[in-house]
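Below: the structure, in structure tokens.
Residue numbers (the working numbering): 14 to 82.
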């Protein structure tokens with residue numbers, strides 16, 4: 014793949030992500046994540062539901078439900 018094509022593809026992925034975020038479309042956002050996620054937000058989980066470990070798309074979607082309203 015040429016660098017220009019790779020750059021265009023990367024730009025499209027980022028644009029699609031931000032469009033989904035602006036539209037608050039959690040399904041579209043989550044579908045851009047791998048099935049296998051390693052995402053950790055440090056902090057006391059009992060104080061805020063968005064803190065802690067995320068390991069899969071469903072957990073990312075649950076996170077999104079907390080912060081996208």
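C-beta: ideal position from N, C-alpha, C; glycine also. Keep in mind the model is a prediction, meaning the values are calculated, not measured.
Query raised in the report: For the segment 16–74, which segments carrying the beta strand (DSSP E) assignment without a break, of at least 3 residues, lie completely within its bounds, in sequence order?
Result: 52–54, 65–67
**Report entry** For residue 81, the three-state DSSP class (helix, strand or coil)
**Finding:** In the chain shown, the residue the question calls residue 81 occupies position 68. Reduced to three states, the DSSP call for residue 81 is coil.
Query - Sequence-distant residues of its chain with Cβ nearer than 8 Å to residue 78 (five each side left out) - result: Stepping through the chain shown from its first residue, residue 78 is reached at position 65. Cβ neighbours of residue 78 beyond the five flanking positions: 39.
Query raised in the report: If you draw a straight line from the alpha carbon of residue 50 to that of residue 68, how long is it in whole angstroms?
Result: Working through the chain shown from its first residue, we reach residue 50 at position 37. Working through the chain shown from its first residue, we reach residue 68 at position 55. Going from the Cα of residue 50 to the Cα of residue 68 covers about 4 Å.
Query raised in the report: Going by the beta-carbon positions, is the gap between residue 30 and residue 42 smaller than 8 Å?
Result: For the purposes of this step, residue 30 is identified with residue 17 of the chain shown, where counting begins at 1. For the purposes of this step, residue 42 is identified with residue 29 of the chain shown, where counting begins at 1. A contact, by the Cβ cut-off of 8 Å.
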